[in-house]
Amino acid sequence: MPYYHQAGLVPSKRHTQHRDPEGNLYYEELMGEEGFSSDSALLYHRHIPSAVREYRVWDLGDQTLVPNHPLLPRHLPTHRLFAVGNTGVDAVRGRRLLLGNEDVRLAYVVADRPSPYYRNAIGDECLYVEVGRARVETVFGDLDAGPGDYVVVPRATTHRIVPDGPLRLFVIEANSHIDPPKRYLSDHGQLLEHAPYCERDLRVPSGPRQVEEEDVDVYIKHRGPDGIAGTVHVLPDHPFDVVGWDGFLYPFAFNVRDFEPITGRVHQPPPVHQVFEGHNFVICNFVPRKVDYHPQAVPVPYYHSNVDSDEVMFYCGGDYGARKGSGIGQGSISLHPGGHPHGPQPGAVEASIGAAFFDELAVMVDTFRPLLLGEGALAVDDGTYAGSWERNR
Numbered sequence: 001m002p003y004y005h006q007a008g009l010v011p012s013k014r015h016t017q018h019r020d021p022e023g024n025l026y027y028e029e030l031m032g033e034e035g036f037s038s039d040s041a042l043l044y045h046r047h048i049p050s051a052v053r054e055y056r057v058w059d060l061g062d063q064t065l066v067p068n069h070p071l072l073p074r075h076l077p078t079h080r081l082f083a084v085g086n087t088g089v090d091a092v093r094g095r096r097l098l099l100g101n102e103d104v105r106l107a108y109v110v111a112d113r114p115s116p117y118y119r120n121a122i123g124d125e126c127l128y129v130e131v132g133r134a135r136v137e138t139v140f141g142d143l144d145a146g147p148g149d150y151v152v153v154p155r156a157t158t159h160r161i162v163p164d165g166p167l168r169l170f171v172i173e174a175n176s177h178i179d180p181p182k183r184y185l186s187d188h189g190q191l192l193e194h195a196p197y198c199e200r201d202l203r204v205p206s207g208p209r210q211v212e213e214e215d216v217d218v219y220i221k222h223r224g225p226d227g228i229a230g231t232v233h234v235l236p237d238h239p240f241d242v243v244g245w246d247g248f249l250y251p252f253a254f255n256v257r258d259f260e261p262i263t264g265r266v267h268q269p270p271p272v273h274q275v276f277e278g279h280n281f282v283i284c285n286f287v288p289r290k291v292d293y294h295p296q297a298v299p300v301p302y303y304h305s306n307v308d309s310d311e312v313m314f315y316c317g318g319d320y321g322a323r324k325g326s327g328i329g330q331g332s333i334s335l336h337p338g339g340h341p342h343g344p345q346p347g348a349v350e351a352s353i354g355a356a357f358f359d360e361l362a363v364m365v366d367t368f369r370p371l372l373l374g375e376g377a378l379a380v381d382d383g384t385y386a387g388s389w390e391r392n393r
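With the UniProt record's numbering applied, the sequence shown closes on residue 393, and no number is skipped along the way.
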């Protein structure tokens, strides 16, 4: 995170005695990245945070990934993954794995019940709310999330997701940290003037919850002998027993409508739409905006080959003109793999000429290693998208 925050009760100097009104010491926990060499937070617990009473295996379900072979662009209508009126699913255990590689996994879920307490010990998570509202309760405090919100949860943060009615989430699970792009930041971590958002747009947790409860299950996703594994720890005391914390590392929320689009006289390339980055992948968003104003401008994207990356687009609002005629709609995901030149559907180029505004909303993930197909992708792949550029089909 690019700025310091403090919440609750903390001592005036770090790593010194911090006691409750009865004189009992609070237990200081350093949550830090890159082995004491990067961003961190100090949390003060009522109970020892290392204590584990019991443990058991958590079966994560089908995490198999298979190659995109034969190499094809694909259309994944995610709304078909969950039945209408779907009940009894939570936003952690109900995720359907769509795409993934060594750096990132993309999933989708429709949830209507509270998740268990959960930690991803592999990497940061970015939750994008397509539809619905939820409270993301964390060891740092709560974040309220609604349509268009990104919620970035640092690695190993204990949290749970409590929907307020049906909740549709696009989930980006990294094998690294997720941060603002380095080119947006000063040497001291401040978001610069050319960045499309600033610290005022970021929402921080409400403050520590100080929950007292015993025998609490925490579901942990971690590295295992065959890739990803799951374990449940039963804690003797609730992990939300924190009385205060401070630092630069904590979950935060950002709404896509606070992203200020960068436009120009001619069509701008996807990097101007970037919002976050992880190791070997970037996250961009395409928001409603004025478009190119050169008198000869062609507002839709030019055809392009992803020489070094796979491109994923999650279409989550508005009217995405470049894809008309392809079958893509609200909740669709397109995968354009490296090696395949792609661009607007037939007729879209001509139809866009003279347009002054695009009312579209999409989240894009570009990866720099090939994406493999998960069980969710295999379940809903429409099987026809690869032929959608042929004019007479």
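A virtual CB, placed ideally from N, CA and C, is assigned to each residue, including glycine.
query: Entirely enclosed beta strand (DSSP E) segments - the segment 172-254, minimum 3 residues; result: 216-224, 227-235, 242-247
query: Which residues DSSP lists as bridging Y4, in chain order; result: Y4 is not bridged to any residue.
query: Q6, buried or exposed, once every other Cβ within 10 Å from all chains shown has been counted against 16; result: exposed
query: Sequence ranges, beta strand (DSSP E) only - wholly within the UniProt domain "Homogentisate 1,2-dioxygenase C-terminal" (280-355), length at least 3; result: 281-286, 310-318, 332-336
query: Meets three-Cβ-pair contact criterion under 8 Å: the segment 193-208 and the segment 132-149; result: yes
query: Inter-residue spacing [alpha-carbon to alpha-carbon] between R289 and L98; result: 29 Å
query: Cβ-based burial, H18 [other Cβ within 10 Å; buried from 16]; result: buried
query: Nearest-angstrom Cα separation, counted from P73 out to E375; result: 17 Å
query: Opposing strand residues paired with V152 [DSSP bridges]; result: C126, F252
query: Span of the alpha helix (DSSP H), counted from its first residue to its last, around V380; result: 375-380
query: Beta-carbon separation (whole angstroms), G148 vs R257, contact threshold 8 Å; result: 6 Å
query: Neighbourhood of R393 by C-beta distance below 6 Å, restricted to the same chain and skipping five residues each side; result: At R393, the pLDDT of 48 sits below 50, so the modelled position is not reliable and the matter cannot be decided from this model.
query: Contacting residues, own chain, Cβ-Cβ under 6 Å from A156 (five flanking each side not counted); result: R119, A121
query: Cβ distance (whole Å) where V365 is taken to contact V307 below 8 Å; result: V365 to V307, Cβ: 17 Å. No contact.
query: Short Cβ contact (8 Å threshold) for A134 with D164; result: yes
query: Spatial distance of E390 from H342 (CA atoms); result: 12 Å
query: Among K324, V89, G329, M31, nearest to residue 465 - alpha-carbon criterion; result: Residue 465 is absent from the model: the chain starts at 1 and stops at 393.
query: Beta-ladder partner(s) of F358, from DSSP; result: R289
query: CB contact check: S352 to chain C, cutoff 8 Å; result: Absence of chain C from the displayed structure is noted, only one protein chain being present.
query: Residue interval of the beta strand (DSSP E) (run including D142); result: 141-145
query: Inter-residue spacing [alpha-carbon to alpha-carbon] between D292 and I262; result: 10 Å
query: Span of the beta strand (DSSP E) around S37; result: Careful: S37 lies outside any beta strand (DSSP E) and carries neither H nor E.
query: Contact between the segment 75-89 and the segment 316-332 (3+ Cβ pairs under 8 Å); result: yes
query: Counted within 10 angstroms of its Cβ, other Cβ atoms place T384 as buried (16 or more) or exposed; result: exposed
query: Counted within 10 angstroms of its Cβ, other Cβ atoms place E260 as buried (16 or more) or exposed; result: exposed
query: Residue nearest to G61 in terms of C-alpha spacing, selected from R96, A51, L43; result: R96
query: The segment 261-275 contacting the segment 43-58, beta-carbon criterion three pairs below 8 Å; result: no
query: I283 classed as buried or exposed, judged by whether at least 16 other C-beta atoms fall within 10 angstroms; result: buried
query: Pairwise C-alpha distance: L185 and Y3; result: 11 Å
query: Beta-bridge partners of R135, as assigned by DSSP; result: D144, V162
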